[in-house]
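J.: Using our numbering, the first residue of the first sequence is number 1391, and each one after it goes up by one.
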Amino acid sequence: MPSMSEAVTRFAVSPTGYMHVGGARNALFDWLVVQKQGGRFILRIEDTDQAREVEGAVAHIITSLKWLGIDWHEGPDIGGPHAPYTQSERLDIYKEWAQKLIDKGLAYADPYSKEELDEFRAAAQAAKKPFLYRDHRPDNPPTWDGTQPLRLKSDPKAYSWHDLVLGDLSAGAEAVDDFVLIKSDGFPTYNFCHIVDDELMGVTHVIRSQEFTASVPRFLNLYDALGIKWPVFATLPWIMAPGGKKKLSKRDGAKDVMDYAKQGILPETMVNFLASLGWNDGTEQEIFSVQELIDKFSLDRIQRAGASFDEQRLFWMNGTHIRTMTLDELYGRTLDNGVGINYWPEEAKAANDDYCKQVLGVIQERLKYLSELPELTRFFFTDLPVDLELIDGNKQLSKLSREEQRALLEAAQETLSGSNFSAEDLADRLNKLLETTGQKPGILFSLIRIATTWAPASPGLADTMHILGKDLTLKRLSISLDTLSEKA
RNA sequence: GGCCCCAUCUUCUAACGGUUAGGAAAUCGGGUUCUCAUCCCGGAAAUAGGGGUUCGAUUCCCCUUGGGGUCACCA
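As structure tokens, then:
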């Protein structure tokens, strides 16, 4: 017997394509409730619309959830006491429950053709009234033989109910109608089978997004018809498209969660970010570990208004997560972020782990997502082509003549050739060089930095040279000097 | 059109009915011995409008406006 505080939630997903961020957040909140309160989290596949089903979608959804670190107690891949967890394999169960309603006189066969229904709808629209099937409920419906749609004989009345997020809600009898329970292809509708499954699987908390709130009175009517106790409802706000007021949908460019995984967003960042879209703990804290989220999460602190998906903020958040990781942890992620991608540039494949870690150590604070690694680190692994525009396009450096530039680099070459290339010694020598040349760091260091990396940006000069090592640093300086002579 | 839901800076958001309406992202300016970042300091930036209730409304109520959902044999 589970204790009162335990919860049973489910992520009920249609295999109609990849999982986007809205679905991921939905699953996350289901999961967080169970992690916090104890209980069971169920993954259920709602594949009752054969036409919309997409091959491979279930596997992709499972991959996405696993990447996020979301696991489940019962599901199509692992089974469980309420198996099967795929609705197309539960048709007999729905027929059984439909029969209960038929026996009670609460369900009947729909005798109308599609054309007749369209006419009813058109008439309702012309009269500027909502369409209610029950206004056309047949007096003597035929016996249901499975080829017609089976409809609920509703009991229209006003309903009031409580939603953990939206508070007390109510709607009048006009929201209750004779909806379809079983389609003419023998498959149940979502409206019917999710209620049967939730009951059989012991679901206590129905957490779903806004598009279902208008249907809740119809659901309540069905719970009552079946004699099922209402579960707890929690309505999640939309995740909206950037800038707009519209729900973020696949049409609007909602990305596959796995696209972010490939780009090098860390799963802990994605979890943190999704949780922050529509939820906060009431403090100013924004960066949460998964464990902190579990400890602090509660459904009653979920926002009512929609939140737009701001990628910029996602990248910022990823940067802060990257910076709080240990070097070893981060290095592990650069080798595999859970999607089988090694993010290092091709040229780094020949380098050893220690060298790569040193490089990672100095670029950790400027990394926002892992796929930036190549552009940030390539010059540590290969000589970039000399690009004099880096010098000539620099406001200060372009004021110097080629002779002056060469003189500075030669001075650098001389003192560096006596260095043991420890970071400390390099820093010392560079500082002394400022004095002996009488130059400002803005000129001297910029010039040396460019001449040793030929990259538009790089970490601190002493650190960079220390990692490159004496041979490579001096080799590059000398190549740069040669080039400056040629082009003089 | 009926029914339902929502409304604080550009964005994510905080504020037991009592705050100069706070933080963060982005942006702008400055600093940190070079670039790109990090970090630090500073600027600009909001309670949709109107009525109530109250000694006092971002907060409670009503109306308006705006946005969204739903009225499928999709979920």
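Yeah, the Cβ is synthetic: ideal placement off N, Cα and C, and Gly gets one too.
Identify the continuous alpha helix (DSSP H) that holds Ala-1722 and give its terminal residues.
T.: Position check: residue 1722 holds Gly in this sequence, whereas Ala was assumed. Taken as a continuous stretch (DSSP letters only), the alpha helix (DSSP H) holding Gly-1722 covers 1717-1725.
J.: Considering Gly-1557, what are the terminal residues of the beta strand (DSSP E) in which it resides?
T.: 1557-1561
J.: Three or more C-beta pairs under 8 Å: does that hold for the segment 1755-1767 against the segment 1732-1745?
T.: yes
J.: Identify every run of the alpha helix (DSSP H) within the segment 1776-1803, keeping only runs that are complete inside it and at least 4 residues long; order them along the chain.
T.: 1779-1782
J.: Considering only their Cβ atoms, is the gap separating Glu-1804 from His-1771 smaller than 8 Å?
T.: In the sequence on display, residue 1771 carries Phe and not His. No, they are not a contact pair.
J.: What are the complete beta strand (DSSP E) segments, minimum 3 residues, inside the segment 1404-1489?
T.: 1429-1435
J.: Rounded to a whole number of angstroms, what is the C-alpha to C-alpha distance between Tyr-1745 and Leu-1867?
T.: Taken atom to atom, the span from the alpha-carbon of Tyr-1745 to that of Leu-1867 is near 21 Å.
J.: To the nearest angstrom, report how far apart Ser-1393 and Pro-1621 are at their CA atoms.
T.: Any answer about Ser-1393 is weak, because its pLDDT of 48 lies below 50 and its placement is not dependable; what the coordinates show is given next. So the two alpha carbons sit approximately 16 Å from each other.
J.: Glu-1497: buried (16+ other C-beta within 10 angstroms of its C-beta) or exposed?
T.: Glu is not the amino acid found at residue 1497; the sequence shown has Ala there. Ala-1497 is buried by the Cβ-count criterion.
J.: Thinking C-beta only, is Arg-1430 closer than 8 Å to Glu-1464?
T.: Contact flag set, yes.
J.: Which two residues bound the contiguous alpha helix (DSSP H) that contains Arg-1541?
T.: Arg-1541 -> not in any alpha helix (DSSP H); beta strand (DSSP E) instead, spanning 1540-1542.
J.: If you reduce the DSSP assignment to three classes, tell me which class Ser-1393 lands in.
T.: With a pLDDT of 48 at Ser-1393, under the threshold of 50, the modelled position of that residue is not reliable, and the figure given next carries that caveat. Correct three-state label for Ser-1393: coil.
J.: Any contact between the segment 1665-1672 and the segment 1682-1691? By contact I mean 3 or more CB pairs, one from each, below 8 Å.
T.: yes
J.: Can you tell me whether His-1552 is buried or exposed? The criterion is at least 16 other CB atoms within 10 Å of its CB, across all chains shown.
T.: exposed
J.: To the nearest angstrom, how far is it from the Cα of Val-1586 to the Cα of Thr-1594?
T.: 13 Å
J.: Which residue wins for smallest C-alpha separation from Leu-1816, given the options Ser-1791, Gln-1786 and Leu-1864?
T.: The shortest Cα separation from Leu-1816 among Ser-1791, Gln-1786 and Leu-1864 belongs to Leu-1864.
J.: Count the other C-beta atoms from every protein chain shown that fall within 10 angstroms of the C-beta of Leu-1717, then say buried if there are 16 or more, exposed otherwise.
T.: exposed
J.: Starting from His-1595 and walking both ways along the alpha helix (DSSP H), at which residues does that stretch end?
T.: From DSSP, His-1595 is part of no alpha helix (DSSP H) but of the beta strand (DSSP E) over 1595-1599.
J.: Flag this pair as touching only if the segment 1498-1505 and the segment 1536-1543 have three or more C-beta atom pairs under 8 Å; answer yes or no.
T.: Enough Cβ pairs lie closer than 8 Å, so yes.
J.: Please return the same chain residues whose Cβ sits closer than 8 Å to the Cβ of Leu-1590, not counting the five positions on each side in sequence.
T.: His-1472 and Ile-1483
J.: So, under 8 Å CB-CB, Ser-1454 and Met-1409 are touching, yes? Tell me the CB distance rounded to an integer number of Å.
T.: That belief holds up - the Cβ atoms of Ser-1454 and Met-1409 are roughly 4 Å apart, short of 8 Å.
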